[in-house]
Amino acid sequence: MSSGRCAACRYLRRRCTQDCFLSPYFPSNNPQRFASVHRIYGASNVTKLLQRLPTHLRSEAADSLYFEAQCRLEDPVYGCVGLIFLLQQQIHSAESQLIKTQAEIAVMKSQTQHPQTQPFRAISGSNNLLLQQSDNDANLIFSNQVSSGFI
Amino acid sequence: MGSGSSPCASCKLLRRRCAKDCIFAPYFPADDPHKFSIVHKVFGASNVSKMLQELPVQQRADAVSSLVYEANARVRDPVYGCVGAISYLQNQVSQLQMQLAVAQTEILCIQMQHHQDDSALALPTQMQHHDDDDYKPFLLPTTHNLDNISQYINFASSSNVIQDPAATVKRESLWT
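Read top to bottom, the protein sequences are chains A and B.
Position 102 of the first sequence, counted from 1, bears residue number 102 in full-length UniProt numbering, the numbering being contiguous throughout.
Position 176 of the second sequence, counted from 1, bears residue number 176 in full-length UniProt numbering, the numbering being contiguous throughout.
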C-alpha cells in the first residue's frame, strides 16, 4: 500500500504498512467487508484464523468469513445456520415431491402395461407407501427416502 | 445461573468471577467447557457478549446454539466453515430440482401418450395438478444477502479443501 490504507487499517485507525497482513483480503474499496467481519469476529480473531491457513487459501477463507458475518448481521439469532435450516427443509420437500412423482409414474406405467389390472390396494404408513398389485405381478414399495436431516 | 461458588464455563475459562447476572452463565454451564471454548476461539468472548446483549432474552439460547454450530463448522473447515455446508446443500437442491423436472416431464409424456392412444384409462387430473405450494421454486429467500453465494458454489466444486460438508450438516445436532 503506497499511500492508501487497507480497509482494516482505515477502520482500526492505524498505519497500514507494506506488509500489512490483512490488506490483501480487505481492500480499501470495500470498507463494509472489514466492518462486517470485525463486528462479528474481531480483527485479532480474523488475523489468527487466517494466519493458521496456507497463503493460497486465505482469500477464500476471508470471503467465507465475510459471508457468514453478513448472515449474522442480517439474522442475529440464527446467522447462516438459518439458511442451512431452510435448505434442509427445501431438500426434504423436494425429496417428498420426487418420491410422490416417481410413484405416480410407476402407477401410470403399470396401468399402461396392464390395463386390465385390479385396482390397487394402497396402504400408507407413517414412513412407507406400499402398493401391491392383486395379481402379484410386481410389488412396488416406496419408502420415505428423506435424509435424517439437520437435527 | 452463575454463583460465587460455581463459575460458568465462560468465567472459568476467562478466569474471572462469575457474577449472579453473568450473561454467559445460562448458556455455557460448567459441565460443558468445550462449548464456550470453541465459541471463544472463533468469535471471541467480548463479541459473543455484545451479540447476546443485543438480543431479547428469549432468543439468546437459540443464538448461542447457532454460534456454537458455526464455530464448530469453522474449526472443522477453517477455510469455508458453514459456507461449505451451504454450497453442498445448494447442490443437493439443484440436483433434486433437476430430477423432479425430469420426473414431471415424464408424467406429461405418459399423459400425452395416453391421449394419443385414446386410452380408456381415466387418469385422475390431480396427477397433473399440484397445489401451488408444491411448485414453489426452491429459491433462497431474499431476506439473506446471498449475492456472493454463487462463488461459494464454485469454491465447492473447484477446491479440494472441502472437509466432508455432508458430515458438517448431518453430524451436528443443533438443538438437543
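C-beta: ideal position from N, C-alpha, C; glycine also.
- Do you know how far the Cα of B:Ser66 is from the Cα of A:Ser44? In the first sequence, residue 44 of chain A corresponds to position 44, counting from 1. In the second sequence, residue 66 of chain B corresponds to position 66, counting from 1. Each residue's alpha carbon lies about 22 Å from the other.
- Could you tell me the boundaries of the alpha helix (DSSP H) in which residue 179 of chain B lies? The structure shown does not extend to residue 179 of chain B, since chain B is modelled only from 1 through 176, so no value can be given for it.
- Anyone know if the C-beta pair for B:Val61 and B:Val39 falls short of 7 Å? Residue numbering aside, residue 61 of chain B sits at position 61 when the second sequence is read from its first letter. Residue numbering aside, residue 39 of chain B sits at position 39 when the second sequence is read from its first letter. Reading the sequence as shown, one finds Ala at residue 61 of chain B and not Val. The Cβ-Cβ distance between B:Ala61 and B:Val39 does not fall below 7 Å.
- Presumed contact (8 Å Cβ cut-off) between A:Leu49 and B:Pro78, rounded CB distance: Taking the first sequence and counting its residues from 1, the one referred to as residue 49 of chain A is at position 49. Taking the second sequence and counting its residues from 1, the one referred to as residue 78 of chain B is at position 78. The beta carbons of A:Leu49 and B:Pro78 sit about 7 Å from each other, so the pair counts as a contact at 8 Å.
- Within 9 Å of chain B by C-beta, residues of the region 68-83 of chain A in sequence order: Sequence-ordered contacts of the region 68-83 of chain A with chain B read Glu68, Gln70, Cys71, Arg72, Leu73, Glu74, Asp75, Pro76, Val77, Tyr78, Gly79, Cys80, Val81, Gly82 and Leu83 [C-beta pairs closer than 9 Å].
- Query: If we count the other Cβ atoms within 10 Å of its Cβ and call it buried at 16 or more, is B:Leu100 buried or exposed?
  - Reply: Position 100 of the second sequence, counting from 1, holds the residue named residue 100 of chain B. By the neighbour-count rule (16 or more Cβ atoms within 10 Å), B:Leu100 is buried.
- Message: Tell me which residues of the region 24-48 of chain A have at least one Cβ-Cβ distance to chain B shorter than 7 Å, keeping chain order.
- Response: If the cut-off is 7 Å between Cβ atoms, the region 24-48 of chain A has Ile40, Tyr41, Gly42 and Asn45 near chain B.
- Item | Per-residue contacts from B:Leu100 into chain A (C-beta, under 7 Å) | One-based indexing of the second sequence puts residue 100 of chain B at position 100. For a Cβ distance threshold of 7 Å, residue set Ala94, Gln97, Leu98 and Thr101 of chain A lies close to B:Leu100, ordered along the chain.
- Run down chain A in chain order and give the residues with a C-beta less than 8 Å from the C-beta of B:Val42. In the second sequence, counting from the first residue as 1, residue 42 of chain B sits at position 42. Here the neighbours are Tyr41, Asn45 and Leu49.
- Listing by chain order, which chain B residues have their CB less than 7 Å from the CB of A:Ala61? For the purposes of this step, residue 61 of chain A is taken as the residue at position 61 of the first sequence. Within chain B, the residues placing a beta-carbon under 7 Å from that of A:Ala61 are Pro78 and Val79, ordered along the chain.
- Query: Looking at the C-beta of A:Ser110, does it have a partner C-beta in chain B at a distance below 7 Å?
  - Reply: By one-based count along the first sequence, residue 110 of chain A stands at place 110. Chain B, which has no Cβ nearer than 7 Å to the Cβ of A:Ser110, makes this no.
- Closest by CA to A:Ala35, which one among A:His56, A:Ala62 and A:Leu98? Numbered from 1 along the first sequence, position 35 holds the residue referred to as residue 35 of chain A. Answer by Cα proximity: A:Ala62.
- Item | As assigned by DSSP and simplified to three states, the class of A:Gly53 | By one-based count along the first sequence, residue 53 of chain A stands at place 53. Checking the sequence shown, residue 53 of chain A turns out to be Leu, not Gly. If DSSP states are grouped into helix, strand and coil, A:Leu53 belongs with coil.
- How many whole angstroms separate the CB atoms of A:Tyr66 and A:Val107, which I take to be in contact at a CB cut-off of 8 Å? For the purposes of this step, residue 66 of chain A is identified with residue 66 of the first sequence, where counting begins at 1. For the purposes of this step, residue 107 of chain A is identified with residue 107 of the first sequence, where counting begins at 1. About 49 Å; that fails the 8 Å criterion.
- Message: Which of the three DSSP states is assigned to B:Val79 in this structure?
- Response: Reading the second sequence from its first residue, position 79 is the one you call residue 79 of chain B. Here B:Val79 sits in coil by DSSP.
- Rounded Cβ spacing between A:Ala7 and A:Asn30 (contact assumed at less than 8 Å): The count along the first sequence starts at 1 and reaches residue 7 of chain A at position 7. The count along the first sequence starts at 1 and reaches residue 30 of chain A at position 30. Rounded to whole angstroms, the Cβ separation of A:Ala7 and A:Asn30 is 6 Å, and the two are in contact under 8 Å.
- Message: If the criterion is Cβ atoms closer than 7 Å, does the pair B:Val64 and B:Tyr88 meet it?
- Response: Within the second sequence, numbered from 1, the residue matching residue 64 of chain B stands at position 64. Within the second sequence, numbered from 1, the residue matching residue 88 of chain B stands at position 88. Using a Cβ distance threshold of 7 Å, B:Val64 and B:Tyr88 do not count as a contacting pair.
- Query: Per DSSP, what kind of secondary structure is A:Leu22 in: helix, strand or coil?
  - Reply: As a first step, residue 22 of chain A must be located in the first sequence, where it is residue number 22. In the structure shown, A:Leu22 adopts coil according to DSSP, grouped into three states.
- Item | Whole-number beta carbon distance between A:Tyr25 and A:Ser59, since they are thought to touch under 8 Å | Here residue 59 of chain A refers to the residue found at position 59 of the first sequence. Here residue 25 of chain A refers to the residue found at position 25 of the first sequence. About 6 Å; that satisfies the 8 Å criterion.
- Nearest chain E C-beta to A:Leu12 closer than 7 Å, yes or no? Among the protein chains in the structure shown, which are A and B, there is no chain E.
- Message: Give me the residue from A:Leu73, A:Glu68 and A:Lys100 with the minimum Cα distance to B:Met51.
- Response: Within the second sequence, the letter at position 51 stands for residue 51 of chain B. Looking at the Cα atoms, A:Leu73 is the closest of the given residues.
- B:Met51: contacting residues in chain A (beta-carbon distance under 7 Å): Numbered from its first residue, the second sequence carries residue 51 of chain B at position 51. Under the 7 Å cutoff, chain A gives Pro76.
- How about B:Leu108 and A:Ala94: are their beta carbons less than 7 Å apart? Taking the first residue of the second sequence as position 1, residue 108 of chain B is located at position 108. Taking the first residue of the first sequence as position 1, residue 94 of chain A is located at position 94. For B:Leu108 and A:Ala94, no; Cβs fall outside 7 Å.
- Message: Just to confirm my understanding: we take A:Ala69, look at its own chain, exclude 5 residues before and 5 after, and list those with CB closer than 8 Å. What are they?
- Response: Start at 1 with the first residue of the first sequence, and residue 69 of chain A comes out as number 69. Result list for A:Ala69: Ser36, Val37, Arg39, Ile40 and Tyr41, in chain order.
- What residues from chain B crowd round A:Leu22, counting only those whose CB sits closer than 8 Å? Locating residue 22 of chain A in the first sequence gives position 22, where the first residue counts as 1. Correct list: empty, because the minimum Cβ distance to chain B is about 16 Å.
- Contained alpha helix (DSSP H) runs [length at least 4] in the region 47-93 of chain B, N- to C-terminal order: Within the region 47-93 of chain B, the alpha helix (DSSP H) runs of at least 4 residues that lie entirely inside it are, in chain order, 57-76.
- Item | For A:Val81, the first and last residue of its enclosing alpha helix (DSSP H) | Residue 81 of chain A sits at position 81 when you count from the first residue of the first sequence. Counting along the chain, the alpha helix (DSSP H) containing A:Val81 begins and ends at Cys80 to Gln113.
- Message: Tell me which residues share the same chain as A:Ser28 and place their Cβ nearer than 6 Å to its Cβ, disregarding the 5 neighbours each side in the sequence.
- Response: Residue 28 of chain A sits at position 28 when you count from the first residue of the first sequence. Correct list, in chain order: Gly4, Cys6 and Ala7.
- Using three-state DSSP, classify A:Asp63 as helix, strand or coil. As a working mapping, residue 63 of chain A is identified with position 63 in the first sequence. The answer is helix: DSSP assigns A:Asp63 an H, G or I state.
- Reduced DSSP secondary structure (H/G/I, E/B, other) of B:Lys12: Looking up residue 12 of chain B in the second sequence gives position 12. It is helical.
- Assigned exposure category for A:Lys109 - 16 Cβ within 10 Å defines buried: Along the first sequence, one-based indexing puts residue 109 of chain A at 109. Residue burial is scored here from C-beta neighbours: A:Lys109 has fewer than 16 other C-beta atoms within 10 angstroms and is therefore classed as exposed.
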